[in-house]
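Chains A and B supply the protein sequences, listed in that same order. Note that numbering that gives the first Met the number 0 has the first sequence beginning at 0, numbered continuously upward. Note that numbering that gives the first Met the number 0 has the second sequence beginning at 0, numbered continuously upward. All residues carry an ideal CB built from backbone N, CA and C; glycine is no exception.
Number of protein chains: 2
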Amino acid sequence: MVATAKTTRRTARREQRRQQLIDATMKCIARKGMGNTTLGDVAGEAGLSQGIVNLHFKSKDNLLAETLRYLADEYKSHFSKAYEKSGPGPADKLLALVELDLRPSICDRRKVAVWFAFWGEVQSRPTYRKICDERDQYYDDTIERLAAEIIAEGDYQHITAESVAIVLNSMTNGLWLSFLISPRTFDRQKARDALLGYLSSVFPKHFS
Amino acid sequence: MVATAKTTRRTARREQRRQQLIDATMKCIARKGMGNTTLGDVAGEAGLSQGIVNLHFKSKDNLLAETLRYLADEYKSHFSKAYEKSGPGPADKLLALVELDLRPSICDRRKVAVWFAFWGEVQSRPTYRKICDERDQYYDDTIERLAAEIIAEGDYQHITAESVAIVLNSMTNGLWLSFLISPRTFDRQKARDALLGYLSSVFPKHFS
DNA sequence: GTAAAAAATGAATGAGTATTCATTCATATT
DNA sequence: AATATGAATGAATACTCATTCATTTTTTAC
C-alpha cells in the first residue's frame, strides 16, 4: 500500500510538475500554434485541471517565458556537451557543433515549431528577445572563435571568421525552417552534405 | 466608357480598401505580434471602424491568410523581376536573386516580422503551409537550375546543384532571422560579404 | 493516528474580442 | 432633385479564455 501509493500518487514535486507543464506547453504550441494554445489545452494535455498552470506559473505569460528559457537552456547544455566530447582540434569541434543542429533530439518537429513560434513574437516581447539573443551570442561567439583558429591553422586567405560564423549560424537556422515547413522533402543527410560541402569548399585542408 | 469607368473605379476602391487593411495588418503584426493583434487594432491602424475587417474579409482568419498570400505574391513578383532584369549568364542571375533577399524593400523589419509570425503558426495551419511551400518551391527550383548551369559551365567537381540550393535557401532565410532578432548588430554588408564569400569559394571561376 | 501543510480541483468571474447588424453616409443613376 | 446602391459605422451580442478561490484531496510532520 505504501509502495503503491508512492508510484500512483496524484501530486508531484513542484519541479516535476512544472516540467510536465512545460512539456505539455511545447506539445500544444507545436500542434495548435502559440496564439491558439489556451491554458485549458495545456492542462488537458498534462491530464490536470484548469487552474493548474496559474498555480505553478502564476500567469500564462510566465509559463511561455519559462518554456522558452527551458528550450534555450537545453540547447546550451547540448551545445556544451557536444563541444566537450568532440575531438581536440577546432575543425573537429566546429563539425560537432554544426552537426548538433541536425541531431534528431534537437532538430525535432515539436521543438523547432516552438522556436519559430517564439521567434515570431520576438519583435514585440523584450523578454523573448533577451533569451534568444543570449543563446545566439553564445553560439556565434564559439563558432567564430573556432573558425578563426581553423583559418590560422590552415593559413586560409580571402575568408574571415566572422563571415564563416554568419554563414553557419544562418544556415543552421534556415535548415530548421525547411525542416519545419517541408518535413516531407527535408532530408537530414542532404542537409548534412550541404553543410559539409560548404565547410570543405571554404576549409579544404580541414574538411576533405 | 462612362459606365465602364465608373464600374472599374468602384471595384478598384474595394481592392484599395482591402490592400489598406492588409497593410495595416502587417504593421500591427510587426508591432504587437500575430497573437496580440486584434481586429480593433487593424481597423484603428487603418483609421476605420470596428466592423470593417469582417465587411471586407469575412473573418479574421481570412484576413490573415490573405495577408500571407499578399506577401508571398509580392515576393514572387520581385523575384521574377530580378530574374528578368539581371545579366544573361546564370551567375549574374543567381547573384541577383540572392541579393534580392537583402534588399531593404524585401529585407524590411516589418515584412520579415510578418513572415516569421506566419512561420510560427505554419505547423498548425495547412493554409499557411501551402502558401509558404509554394513560394519556397519556386525559389528552390530556380536556384537549383541556375546552380546546375553554373556547375556545367565551370565543370566544377565535388559539388551538386542541390547542395548549393539548400545552402542558399537556408542561408537567406537564416539571415532574415538574424535581422529580425538582432537588428542592431545585423549588417547588410557583412551578410552580403558572407553570401559572396560562399559563392566565390564554391564557384571560384564565376565569383571572384 | 491526527493535524497541519501542500497540492490540486473545477466552478465562477470578468475582461477582452470576433462577429453581427440596424443604421448612417456617400456616391452613382435616373 | 429624387432615388438606389454599396460602403462604412459602432453599439450590441455572443463567446472565449485567463485568472481566482472556496473546496477537496494528498502528503508530511509529529
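Under the three-state reduction of DSSP output, residue 136/B falls in the helix class. For residue 174/A, a Cβ of chain B is located within less than 7 Å of the residue's own Cβ. Contact with chain A is found for residue 197/B, since one of that chain's Cβ atoms lies less than 7 Å from the residue's Cβ.
By the C-beta criterion, the stretch 187 to 203 of chain A is judged to be in contact with the stretch 187 to 205 of chain B, since at least 3 inter-stretch pairs fall below 8 Å. Contact note: residue 130/B does not reach chain A at a C-beta cutoff of 7 Å; the least C-beta distance is about 10 Å. Put simply, the CB of residue 73/A is far from chain B, with every gap to its CB atoms at 7 Å or more.
Residue 123/B has a beta carbon lying within less than 7 Å of a beta carbon in chain A. Collapsing the DSSP output to three states places residue 155/B in coil.
Judged by DSSP in its simplified three-state form, residue 76/B adopts helix. Closest option to residue 81/A, judged by alpha-carbon separation, among 141/A, 16/A, 160/A: 141/A. Every alpha helix (DSSP H) of 4 residues or more that sits fully in the stretch 82 to 156 of chain B is shown, in chain order, as 89 to 99, 108 to 118, 125 to 153. For residue 171/A, the three-state secondary structure derived from DSSP is helix.
Residue 206/A and residue 94/A have their alpha carbons spaced roughly 9 Å apart. One finds 33, 34, 120 in chain B with Cβ atoms closer than 8 Å to the Cβ of residue 34/A, taken in chain order.
In the DSSP assignment, residue 196/B falls within the unbroken alpha helix (DSSP H) covering 187 to 201.
At a Cβ-Cβ threshold of 7 Å, residue 89/A and residue 149/A count as neighbours. Each residue's CA atom was taken as its position, placing residue 171/A and residue 17/B some 37 Å apart. Per DSSP, reduced to three states, the secondary structure at residue 39/A is helical. Taking 7 Å as the CB threshold, residue 170/B lines the interface with chain A.
For residue 185/B, the closest Cβ of chain A is not nearer than 7 Å. Within the same chain, Cβ atoms closer than 7 Å to the Cβ of residue 42/A are found at 48, 49, 51, 52, the five residues on either side in sequence being excluded. Per DSSP, the unbroken alpha helix (DSSP H) holding residue 24/A starts and ends at 13 to 31.
Taking a beta-carbon distance threshold of 7 Å, residue 100/A does not count as an interface residue toward chain B. Residue-level contact by beta carbon holds for residue 112/B and chain A, with a gap shorter than 7 Å. For residue 135/B, the residues of chain A that pass the 8 Å Cβ criterion are 177, 180, 181, in the order they occur in the chain. Bounds of any alpha helix (DSSP H) do not take in residue 206/A, whose DSSP letter is neither H nor E.
At least one beta carbon of chain B lies nearer than 7 Å to the beta carbon of residue 166/A. When only Cα atoms are considered, residue 180/B and residue 122/A end up about 7 Å apart. Within the stretch 52 to 82 of chain B, contact with chain A at the beta-carbon level (separation under 8 Å) is assigned to no residue.
Just so you know, the alpha carbons of residue 72/A and residue 186/B end up roughly 27 Å apart.
Just measuring C-alpha positions, the residue of 155/A, 173/A, 143/A, 152/A sitting nearest residue 161/A is 143/A.
Interface with chain A (7 Å Cβ-Cβ cutoff): residue 206/B is excluded.
According to the DSSP assignment, residue 47/A belongs to no alpha helix (DSSP H), since it is labelled neither H nor E. The alpha carbon of residue 65/A has as its nearest neighbour, out of 24/A, 85/A, 173/A, 193/A, the alpha carbon of 24/A. Taking a Cβ-Cβ threshold of 9 Å, the residues of chain B close to residue 192/A are 159, 161, 162, 165, in chain order.
In the assembly as shown, residue 86/A is an exposed residue. Its beta-carbon has fewer than 16 other beta-carbons within 10 Å.
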